[in-house]
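> One structure is given below, represented as structure tokens, and several questions about it will come after.
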């Protein structure tokens, strides 16, 4: 096993050179990453003590998978890392200069403006929309239907996020869901493949992605235009996240530009929709595979709610359902890999990391660290009782990242996941079909079950 030394910088007698993973050939580990990104990164992490270097073509990369190393990247030495050229090139065509792609002063300025609209005190007002949308789905399925839960959770969460952002439904917009998948597939290819071509090169993959991204941005822009026209006409506007962002003002009293408003709305919509969909699909899959856990979920729901609809105020009395959702995100974190790039020589864990190194903060492997989680492959929601969750080392559980780049919508996403776990399992029964019983995790920006989760759904 070879080692890599930094060109200069903070190396000391207490730091070690990065260990380089063997194999990979001329393209490094690019071919393996393209074939199965998450399995390759997990294999590299499992062969390391938390930090392992490898190559993507001629570029140096490293996977990071211990709490201490994760804290170095996201908190302690966060100023030594940027988002990286690959990630920026991949995400900017769809999300512009939103919070997922911006850096420096623009990111700080936008974060100060956007973050208050996703604070815990703003979350309760969104609960009714989540519950009513999920109950409408349950009513449509009550007579029995065979579905792919991955596709259906995508449709459900897209409808929910559209209601929260725009007070509008997107339930029947299957073309939009397909466009999102197309765009995310291109983004993952652009991040992990050294052979990825710029989006402007007119090859079939790029043409499909460009068409998808153009359609998504046009769909969001139409909502913004209609809202602006209504505001100019003096109409009474709905209380939703778009309205909040339009009314926001910087410290100098100015509003966001139309282009930046589009970027931030699209960032919030895209990140929230796909993340919630995949997290809920994994939650339902795991519950269907673990009837003992499902029995406890049903018992808690029946004891607290009976047959009435859940309200936000009920959630504190439904802790086990939240534990189930959190444990599903431990095993299958939606943001399974958080990419960064060292902008100067720095230190991660005990290792000296050269400037330019691409960092793959590997939450999938981090959440399977046997030093933190006993029997880490086991689905055990009791890991997330209040006492046990508080005892976790900082940086051990990162479903939404941490530090200055933590997902602004983490509180909203957690509430949504909690409510959906309650509503769907209160109203419906899920039986995995043979072709849905065994799935593998596939990384398409977020982590989703492949090839889908086929299930028979009926009224409970």
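Numbering (this note's numbering), first residue to last: 52 to 511. Where a beta carbon is used, it is the ideal one built from N, C-alpha and C, also for glycine.
1. Which residues mark the beginning and the end of the beta strand (DSSP E) in which residue 411 is found?
2. Do residue 238 and residue 496 have their beta-carbon atoms positioned less than 8 Å apart in this structure?
3. Between residue 548 and residue 152, what straight-line distance do the alpha-carbon atoms span, to the nearest angstrom?
4. Quickly, what does DSSP pair residue 494 with across the bridge? List them, please.
5. Assuming residue 404 and residue 393 form a contact by the criterion Cβ under 8 Å, report the distance between their Cβ atoms to the nearest whole angstrom.
6. Would you please state the rounded distance, in angstroms, between the beta carbons of residue 228 and residue 474? I believe it to be under 8 Å.
7. Just mark residue 491 as buried or exposed, buried being the case when its beta carbon has 16 or more other beta carbons within 10 Å.
8. Just grab the DSSP bridge partners of residue 397 for me.
9. Counting C-beta neighbours from all protein chains within 10 Å, is the total for residue 346 16 or more, i.e. buried, or is it exposed?
10. Please confirm if the segment 248-257 is in contact with the segment 497-507, defined as three or more CB-CB distances below 8 Å between the two stretches.
11. Is the beta carbon of residue 446 closer than 8 Å to that of residue 121?
12. Quick test of your reading: residue 271 and residue 138, contact by CB under 8 Å. State the CB separation rounded to the nearest angstrom.
13. Assess contact between the segment 308-315 and the segment 349-361, defined as three or more Cβ pairs (one per stretch) separated by less than 8 Å. Is contact present?
14. Within a Cβ cutoff of 7 Å, which residues of the same chain sit near residue 444, ignoring the five residues on either side of it in sequence?
15. Could you give the DSSP three-state label for residue 426: helix, strand or coil?
16. In the DSSP assignment, what residue or residues form a beta bridge with residue 479?
17. Find the nearest neighbour of residue 316 within the set 330, 327 and 292, judged by alpha-carbon distance.
18. Going by alpha carbons, who is nearest to residue 145 out of 389, 451 and 236?
19. If we call anything under 8 Å between Cβ atoms a contact, is residue 414 one with residue 384?
20. Expressed to the nearest angstrom, what Euclidean distance is found between the alpha-carbon atoms of residue 70 and residue 78?
21. Pop quiz: residue 401 and residue 66 are said to be a contact at Cβ under 8 Å. What is the actual Cβ separation, rounded to whole angstroms?
22. In whole angstroms, what is the alpha-carbon distance linking residue 124 and residue 105?
23. Are the CB atoms of residue 182 and residue 361 within a distance shorter than 8 Å?
24. Taking the C-alpha atoms as reference points, what is the distance between residue 110 and residue 244?
Considering the structure as presented:
1. 409-413
2. yes
3. In the structure as shown, the chain begins at 52 and stops at 511. Residue 548 is therefore absent and cannot be evaluated.
4. 498
5. 5 Å
6. Residue 228 to residue 474, Cβ: 21 Å. No contact.
7. exposed
8. 404
9. exposed
10. no
11. yes
12. Between residue 138 and residue 271 the Cβ distance is about 21 Å, and since that is not below 8 Å, they are no contact.
13. no
14. 118 and 423
15. coil
16. 510
17. 292
18. 236
19. yes
20. 18 Å
21. 6 Å
22. 17 Å
23. yes
24. 11 Å
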